[in-house]
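Heads up, the thing below is written out as structure tokens.
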């Protein structure tokens with residue numbers, strides 16, 4: 001009987017240790033625009049309204065960036081309005097803030113002199 005109680009105490013401690021904690025502090029991005037990349041190549045941007053420790057995200061005013069049907073790795077200029085979206089954390093690959101981003105030339109492509 002004592003061993004059973006001890007075992008129960010240990011299993012309760014294990015459960016407390018295994019509590020999910022987020023690696024990221026996304027709270028500073030609440031109500032700010034972010035861009036999200038997903039497994040499979042989809043990309044979207046929207047205003048972060050909420051999140052949880054599993055990285056499930058709630059985005060508002062979401063826009064999906066469409067891919068080229070001939071080349072799935074290439075994004076086109078076409079977009080699709082999605083509105084309010086819940087993004088499953090297990091499919092999120094990348095999260096970055098939309099503000100403060102700027103396009104730069106690819107440093108790995110040699111510039112050709114005219």
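Residue numbers (this note's numbering): 1 to 114. Beta carbons: idealized from backbone N, C-alpha and C, even for Gly. It should be emphasised that the depicted structure is a prediction, and the values quoted were computed from it without experimental measurement.
Pick out whichever of the options has its Cα sitting closest to the Cα of residue i.
i          : options         : result
residue 99 : 107, 78, 48, 54 : 48
residue 79 : 108, 45, 25     : 45
Quick check: the Cα distance between residue i and residue j, rounded to an integer number of angstroms?
i           : j           : result
residue 54  : residue 87  : 11 angstroms
residue 73  : residue 41  : 7 angstroms
residue 63  : residue 83  : 7 angstroms
residue 4   : residue 36  : With a pLDDT of 46 at residue 4, under the threshold of 50, the modelled position of that residue is not reliable, and no figure is offered here.
residue 103 : residue 71  : 21 angstroms
residue 39  : residue 106 : 24 angstroms
residue 89  : residue 52  : 9 angstroms
residue 81  : residue 110 : 36 angstroms
residue 117 : residue 108 : Nothing about residue 117 can be reported from this structure: the residues present for the chain run from 1 to 114 only.
residue 25  : residue 68  : 33 angstroms
residue 28  : residue 77  : 29 angstroms
Report the CB separation of residue i from residue j in whole angstroms; it is logged as a contact under 8 angstroms.
i           : j          : result
residue 95  : residue 34 : 6 angstroms
residue 122 : residue 59 : The question about residue 122 has no answer here: the residues shown for the chain are numbered 1 through 114.
Enumerate in chain order the residues of its own chain whose CB-to-CB distance from residue i is below 8 angstroms, with the five nearest sequence positions on each side excluded.
i          : result
residue 43 : 35, 36, 37, 64, 65, 75
residue 56 : 86, 87, 88, 89
residue 32 : 47, 48, 97, 98, 99
Taking 7 angstroms as the cut-off, is the CB of residue i close to at least one heavy atom of the ligand COA?
i           : result
residue 103 : This structure does not include the ligand COA; it has no bound ligands of any sort.
Near residue i, which residues of its chain fall below 6 angstroms by C-beta distance, leaving aside the five closest residues on each side in sequence?
i           : result
residue 117 : Limits of the chain in this structure are 1 at one end and 114 at the other, which puts residue 117 out of reach.
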